[in-house]
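Have a look at the structure below, then the notes.
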Amino acid sequence: MAQRDRSRTPPNPPGQAPTNMTPNQPQYARTAPPDLGLKASRSIVVEDLKESVPSYSADYFFQAYLPPLDPDIDLDAVLQYLGDNGHITYNQLDAFRRVLPATRRKAADDMFADPHKTEDVVFAQLEPLAEAVTAAVKSVSANSNREPTVRFKCRLTSPPKSSDRSNTSKPDAYGIRSEAPRNGRAEWVDIAVPGEFKTAEGESKTHDNRVKVLWSLNHIMREDARRRFVIGFTIEGDRMRLWFASRSEVVASWPFNFIMNPRRFVEFLLRIMYAGEADLGWDTTIRRLTTPDGHTQLEITVNNKKYRTLRLISSIGADSLRGRGTRVWEVVQVDGDGNFVAGPFALKDSWVDSDRVREWQILHRIRVSGSNERHNTCFENHLPHILEHWDVLVNDSPDDTHNTMRRAVDATISTHRRALPVLINPSVRQKVMSKHPAVGAFNMPEATKQPLDFAAKTHHRVVFKGVGKSIVEVESMEEAFRHLRRAVLVLCCLHECGWVHRDISSGNILVVGKNVVISDVEYAKRMSDTTVHTGVRTGTAFFMPVEIDNHGYLFDSEDAAEDDSPVDYELAFAELELPTDRTPSASATPPAIMQVSMSLAQDSQPQPPPALFQHNYLHDLESHLWLSLYVLICGKIRDSFQDRPEVDFNACMQRHGDLAVNLFCDRRFRLAVMTSSSKLKTELWGLLPQIMAIAPELDQVRTLIATRYRQFEHDLGTVHMMNATEMGSLYVSIHKRFGTMVNLLKNNNLHVVVDSTPFPFEERMHQILEENAIKDADGRVKHEAKAADDDDDDEQARSRKRPRVVADASAPSSVLPTHDVFGPVQQTGFGGPSTR
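Numbering (full-length UniProt numbering), first residue to last: 1 to 836.
Below you can see the structure in the form of structure tokens.
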């Protein structure tokens with residue numbers, strides 16, 4: 001059979017090569033440096049949306065996405081009251097009609113020439129109009145004392161406060177909870193609906209509004225763990241557009257003339273101002289409490305049990321609008337009065353694809369799939385144990401992005417859906433997309449600017465037994481690589497039972513006590529499972545196998561050196577204290593694969609159709625390799641070389657930072673590392689001596705994986721026959737290489753400074769951003785002077801704040817919470833259940 005030269009043949013485009021993979025969409029917001037400027041941060045949100053948002057008619061938007069109109073409110077009576085009191089004349093909103101020009105054409109000519117017709121002056125009319133609507137409701141309703149749940153505010157003088165994330169932006173207006181303090185700065189967690197204004201239409205003004213409102217929606221969703229969705233609005237001249245964002249949808253309405261259509265505008269105000277908290281997007285199963293020292297604590301319901309947060313472990317998944325939005329806390333269980341019951345535990349809150357099997361079910365299926373005592377012992381010790389699992393309920397219904405938030409309105413009118421462009425400012429695009437590799441805005445092929453459809457998602461919570469730390473939080477490099485070594489054997493057991501994890505990353509390899517635990521199995525599936533889920537999978541690109549990133553097979557048929565040294569299963573699995581009950585295959589290539597390859601080579605039948613592309617065992621091992629490089633290269637290493645003048649520590653760390661950017665933010669560089677026989681070894685040269693010492697072992701691991709890729713992809717028809725049991729020598733060989741690395745580090749260890757930075761290499765990445773790092777023709781990092789920031793809001797970037805810790809389990813006992821701390825809120829000074 002003729003060989004294909006895959007080194008020069010790009011992967012088949014979507015639609016030509018069959019695949020059983022859910023499309024994977026890297027989320028750039030998760031990998032953006034935390035000190036990124038405001039304009040650049042906004043552009044990342046837009047890039048995650050592929051610069052396109054679906055838009056629907058205003059009628060459909062009102063029906064599906066806005067809170068329902070309170071049945072006790074008579075819209076016609078409210079409109080009559082507003083007309084009788086001069087707020088509506090000639091079927092127009094009088095306040096805006098008087099200050100806006102008669103035509104949008106004139107607006108572009110003379111609006112900004114009149115200082116009395118600035119944005120603040122024109123749209124300040126929103127506040128008195130909303131107050132008039134409140135007066136109308138009181139006048140025409142049976143309950144004359146009825147107060148709105150939301151009030152509108154314009155002409156902001158300072159940006160709202162953020163609790164956990166820095167943000168210096170301020171919307172032009174917002175609807176805010178009526179119970180929020182009226183004095184002092186507002187808080188983002190109290191904002192129900194952000195809005196942006198422009199006094200005239202125009203392409204640049206329109207796109208500026210769109211980008212800013214999307215940023216506000218994004219910030220509210222990442223700032224407040226209680227937000228399930230957010231509604232927003234934009235106005236250009238007399239044209240108004242509504243916006244909606246959840247973890248699976250970001251949509252907009254078609255524009256409508258809000259001055260000439262007062263009924264629609266007033267109905268919008270009524271639906272927002274008199275909606276309940278759940279209908280405005282707040283999660284009523286989470287209470288926001290304040291500790292005596294002013295910190296924030298959450299009380300979270302899971303299966304009618306209450307858990308209070310001690311510290312935020314991770315929230316990187318919440319940085320992107322769409323996706324799982326995963327947050328993890330260390331928590332303790334409390335009773336109805338707030339008294340300590342049990343813990344600590346780990347609580348994960350996320351949005352899972354509604355059509356996927358839940359994580360607890362997958363864990364159960366993995367455990368019962370064990371075929372021998374070794375598998376059973378491995379899964380018992382090295383997979384997480386779930387105490388509670390719950391699909392969150394809102395008003396007694398499952399919290400679902402389609403059935404609950406969209407109120408199960410049939411989207412059959414999707415034939416009328418329009419793709420609404422949301423373009424990045426060209427000057428920002430050049431600065432961010434070309435000069436900021438750390439952003440994660442890779443040199444992706446130009447795609448059609450059509451919105452990506454994400455699957456319906458269900459709000460889900462899991463409580464895990466035991467609290468661990470991620471592999472990147474391990475301070476000793478030797479210890480970290482010891483755990484990575486053990487993780488290889490756990491993957492071996494998982495693969496032998498037919499499972500592919502599909503999401504090996506820094507947050508999913510945990511250290512709990514002395515055990516390594518592979519967590520987050522919600523995307524795990526059997527290798528034999530060829531079903532495809534709807535929508536898009538999301539994830540960071542740092543640990544993504546190059547084939548998954550390119551959606552196709554990439555390795556040619558050239559042979560590479562195989563580790564032919566003896567392997568010892570007894571010795572390898574003894575590290576996990578697991579029994580062994582088989583011997584390795586003597587052949588580097590599984591016999592079944594050899595037989596099929598020979599038969600196909602002798603067969604003169606026509607070329608078979610393209611092979612099914614799917615996530616396989618080797619992809620998990622490649623992700624494990626990328627994770628190992630991440631731990632090694634991206635850690636903030638403690639300087640212990642003062643007594644070794646031959647080591648230029650600062651120069652080595654500069655080299656670390658440059659290599660980190662290339663390894664984790666440059667797709668072409670990553671591809672070259674995996675497919676070249678010398679690239680990785682060469683690039684690891686010039687680093688710290690300890691890293692150069694283990695570089696050959698890491699390159700051998702890469703060679704082992706690449707060799708198996710080539711063996712299987714020599715004949716793509718055999719890829720689906722991959723058998724982990726028959727390739728067991730690969731796992732033990734990789735395990736042995738990691739053992740060598742551990743021994744080398746044992747004699748000359750490195751230590752990582754674990755601090756509050758969300759990414760261990762944050763400072764180096766930020767330094768590169770400050771220098772406006774760009775790539776030369778060879779893909780190397782070079783630098784040029786930083787351009788001036790021309791943000792029109794004159795806002796300076798600030799570091800992402802560290803999640804506030806109420807009680808760290810590692811803190812001295814004198815500051816750890818006692819049972820009294822978790823007593824009744826009234827007795828501990830927490831205050832009543834906050835409505836914030």
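We put the CB at the ideal spot given by N, CA and C, even for glycine.
| query | result |
| --- | --- |
| Report the residue ranges of all alpha helix (DSSP H) runs contained in full by the region 466-541; include only those spanning at least 4 residues, in chain order. | 477-496 |
| By the 10 Å Cβ neighbour count, where 16 or more other Cβ atoms means buried, how is residue 841 classified, buried or exposed? | In the structure displayed, the chain extends from 1 to 836; residue 841 sits before or after that span and is not available. |
| Evaluate the contact criterion for the region 484-494 versus the region 727-738: three or more CB pairs, one atom per stretch, below 8 Å. | yes |
| With a threshold of 8 Å, are at least 3 pairs of Cβ atoms found where one atom belongs to the region 211-224 and the other to the region 232-249? | yes |
| For Val-546 versus Met-674, is the C-beta distance shorter than 8 Å? | yes |
| Go to Ala-64, then tell me how far its alpha helix (DSSP H) extends in each direction, as first and last residue. | 58-64 |
| If you draw a straight line from the C-alpha of Pro-384 to the C-alpha of Lys-465, how long is it? | 7 Å |
| Once DSSP output is grouped into helix, strand and coil, what is the label at Gln-92? | strand |
| Assign Lys-306 to one of two classes, buried (16 or more other C-beta atoms within 10 Å of its C-beta) or exposed (fewer than that). | buried |
| If I follow the unbroken alpha helix (DSSP H) through Met-692, where does it start and stop? | 689-713 |
| Less than 7 Å between C-beta atoms, sequence neighbours within five positions excluded: which residues of the same chain meet that for Lys-681? | Ala-695, Pro-696 and Asp-699 |
| Do you know whose CA, among Ser-369, Ser-57, Val-500 and Ile-300, lies nearest Thr-530's CA? | Val-500 |
| Do you know whose CA, among Glu-203, Asp-335 and Ser-253, lies nearest Arg-417's CA? | Ser-253 |
| Restricting to Cα atoms, I'd like to know which of Arg-287, Lys-50 and Ser-139 is closest to Gly-336. | Arg-287 |
| Mapping the DSSP letters down to three states, classify Thr-353 as helix, strand or coil. | Sequence inspection shows Asp at residue 353; the Thr mentioned does not correspond to that position. Three-state DSSP puts Asp-353 in a strand. |
| Run through DSSP, which three-state label would His-459 get? | strand |
| Here's a check: name, in chain order, each residue in its chain whose Cβ is nearer than 8 Å to the Cβ of Cys-154, leaving out the five neighbours to either side. | Asp-120, Phe-123, Ala-124, Leu-126, Glu-127, Asp-172 and Ala-173 |
| Among residues of its own chain, excluding the 5 on either side of Val-230, which ones have a beta-carbon nearer than 7 Å to its beta-carbon? | Leu-217, Ile-220, Met-221, Ala-245 and Gly-281 |
| Compute the Euclidean distance between the alpha carbons of residue 839 and Val-193, then round it to the nearest angstrom. | Nothing about residue 839 can be read from this structure; the chain reaches only from 1 to 836. |
| Got a sec? Which residues, its chain only, sit under 7 Å from Asp-190 by beta carbon, not counting five neighbours each side? | Ile-176, Arg-177, Ala-180 and Arg-836 |
| If distances are taken between C-alpha atoms only, which option among Gln-92, Ser-141, Ser-144 and Lys-161 comes closest to Leu-129? | Gln-92 |
| Can you name the residues that DSSP bridges to Leu-750? | None; Leu-750 has no bridge partner. |
| What are the start and end residues of each continuous alpha helix (DSSP H) run of 4 or more residues lying completely inside the region 202-287, in chain order? | 203-223 and 262-273 |
| Starting from His-389 and walking both ways along the beta strand (DSSP E), at which residues does that stretch end? | 386-391 |
| Could you tell me the distance, in whole angstroms, from the CA atom of His-382 to the CA atom of Arg-146? | 56 Å |
| Can you tell me the Cα-Cα spacing of Met-722 and Asp-396, whole angstroms? | 46 Å |
| Rounding to the nearest angstrom, what Cα-Cα distance links Thr-157 and Arg-461 in this structure? | 39 Å |
| Phe-340 bridges to which residues according to DSSP? | Val-334 |
| Helix, strand or coil for Asp-84? Go by DSSP, reduced to three states. | helix |
| Could you tell me which residues DSSP puts in a beta bridge with Ala-419? | Pro-54 |
| For Leu-393, which residues in the same chain have their Cβ closer than 8 Å to its Cβ, ignoring the five residues on either side in sequence? | Thr-285 and Asp-399 |
| Tyr-90: buried (16+ other C-beta within 10 angstroms of its C-beta) or exposed? | exposed |
| Are the region 334-352 and the region 291-309 touching by the rule of at least three beta carbon pairs closer than 8 Å? | yes |
| So, under 8 Å CB-CB, Met-477 and His-751 are touching, yes? Tell me the CB distance rounded to an integer number of Å. | 7 Å |
| With Arg-356 and Glu-479 assumed to form a contact (beta carbons below 8 Å), what rounded beta-carbon distance in angstroms separates them? | With 8 Å as the limit, Arg-356 and Glu-479 do not qualify as a contact, their Cβ atoms being about 34 Å apart. |
| What residue does the alpha helix (DSSP H) around Leu-632 start on, and which one ends it? | 617-634 |
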